[in-house]
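Okay, structure first, notes after.
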Amino acid sequence: MSKYPLLGLTLSELQTVARGIGMPAFAAKQIASWLYDKKVLSIDEMTNLSLKHREALKEMYEVGGSLPVEAMKSVDGTIKYLYQIKEDQFVEAVYIPDNERATLCVSSQVGCKMNCKFCMTGKQGFSANLTANQIINQISSLPERDASTNVVFMGMGEPMDNIDEVLKSLEVLTSSYGYGWSPKRITVSTVGIRKGLEQFLEESDCHLAISLHSPLSVLRAELMPAERALPAGEMVEILRKYDFSKQRRLSFEYIMFKGVNDSLVYAKELLKLLRGLDCRINLIRFHAIPDVDLEGADMETMQHFRDYLTSHGLFTTIRSSRGEDIFAACGMLSTAKQQDKKERLT
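Residue numbering for the sequence shown follows the numbering used here, beginning at 2 and increasing consecutively.
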């Protein structure tokens, strides 16, 4: 019989576990310390719990960590890790070192329902939501976990479509009983799912990144079907209700496609859409994926676009491109692994 994982449980959930096997109330914090501070791999290592309680805990539970099954390293130091969820389900996490900063990009779903035209993960379709255990495991089991300074939920999947498990993982990351990270070290990305977005804004202080890619609704809907459910204009009005001037940062991600959304017409529309909102724009180079007829804008065009927005009061940066030689497009390694599994089974 499979056991329940402890990794990823919140303090209140650990208190329920402790009560269920007759442990004193304070034992929940002891277990949390072993999981998130000392990062043990087994219940046997939780030596301040009595032998009786450790044995009782082991009957139903395990730490529940699992190492990545594959890794690919780029010439620039970026490492893409592959984690196995089930026999034919895989997700990716990407470690991006950059001088004193090291960012870990984690996944929140196996595949994705959003089907954005430019995203490899969307081409997989949706298989499953990740649990808080499977999200936290991407951090806890990472060989470079102690060197990571930031976490971004920009890997496979749409975080707001799995909001309950994402919020649990954020609680573990930011709470004193967990990793104790400042919310300023964490950014969650979304295409815009109304219910999940509103819940995130109410319950989390972590940074927010909106995948925008066009200020015009018709074009954005062509690139991102989620636009039809929550138009960018309505999403911006939701965001205006919240304060982004202090702890929490709001950014808009904008992949620049050659001849599609890279003219100053779009820059001017961005200024209209975001006027008065305390935010920034991150311009991103497009990494080509199979069977998608989109090309990335050239650097000169991106710089002109950036300078126009910045000169008109909208702070804009160009995100550096990393890991191109190891399938930089999110979901490519996972897709290849799933295909390999299917071919070996047939």
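The beta-carbon is built from N, C-alpha and C at its ideal position, and this holds for glycine as well.
Just so it is clear, the structure is predicted and the values come from calculations on it, not from any experiment.
With C-beta atoms as the reference, is residue i less than 7 Å away from residue j?
i    : j    : result
P98  : Y84  : no
V192 : M225 : yes
M300 : M257 : no
A94  : V107 : yes
F154 : V189 : yes
D294 : Q248 : no
M157 : T122 : yes
L42  : V18  : no
L274 : R307 : no
A57  : I22  : yes
L213 : A268 : no
R102 : T150 : yes
K30  : I44  : no
V219 : I187 : no
E159 : C113 : yes
A222 : D263 : no
Please classify residue i as buried or exposed, where buried requires at least 16 other C-beta atoms within 10 Å of its C-beta.
i    : result
T11  : buried
L7   : buried
N163 : buried
N134 : buried
M61  : exposed
Y5   : exposed
F91  : buried
F316 : exposed
G181 : exposed
F287 : buried
F27  : exposed
N138 : buried
E296 : exposed
K259 : exposed
T48  : exposed
Residue i: which of the options sits nearest, CA to CA?
i    : options                   : result
K233 : R195, L143, F27 and M24   : For clarity, residue 233 is Ala in the given sequence; the question names Lys instead. For A233, the nearest C-alpha among the options comes from R195.
K53  : S252, E296, S75 and P25   : P25
L278 : L8, F253, V107 and I136   : F253
S13  : S3, E270 and I32          : I32
S312 : G297, A298 and R281       : R281
F127 : K81, G21, G66 and D89     : D89
L217 : E270, Y178, A227 and G21  : E270
G78  : L272, I136, L202 and E145 : E145
P291 : V237, N49, C120 and K39   : C120
M161 : G66, E204 and A222        : E204
I211 : I239, E223 and E46        : I239
G314 : L272, E172, S322 and S321 : L272
K242 : E199, L168, L231 and E228 : E199
S321 : L36, D38, T104 and L251   : T104
Go ahead and pull the three-state DSSP assignment for residue i.
i    : result
K74  : strand
N138 : helix
L346 : Residue placement at L346 is poorly supported in this model, since its pLDDT is 48, which falls under 50; the coordinates still yield a value, given next. Helix.
R276 : coil
T150 : coil
K87  : strand
D308 : helix
T373 : Here the chain comprises residues numbered 2 to 347, so residue 373 is not present and cannot be evaluated.
R286 : strand
Which runs of the beta strand (DSSP E) at least 3 residues long sit entirely within the stretch 171-227? Give them in chain order. Segments of the beta strand (DSSP E) lying fully in the stretch 171-227: 187-191 and 208-212.
Contiguous alpha helix (DSSP H) assignments of at least 4 residues, all confined to the stretch 95-122: Inside the stretch 95-122, DSSP marks no whole alpha helix (DSSP H) run of 4 or more residues.
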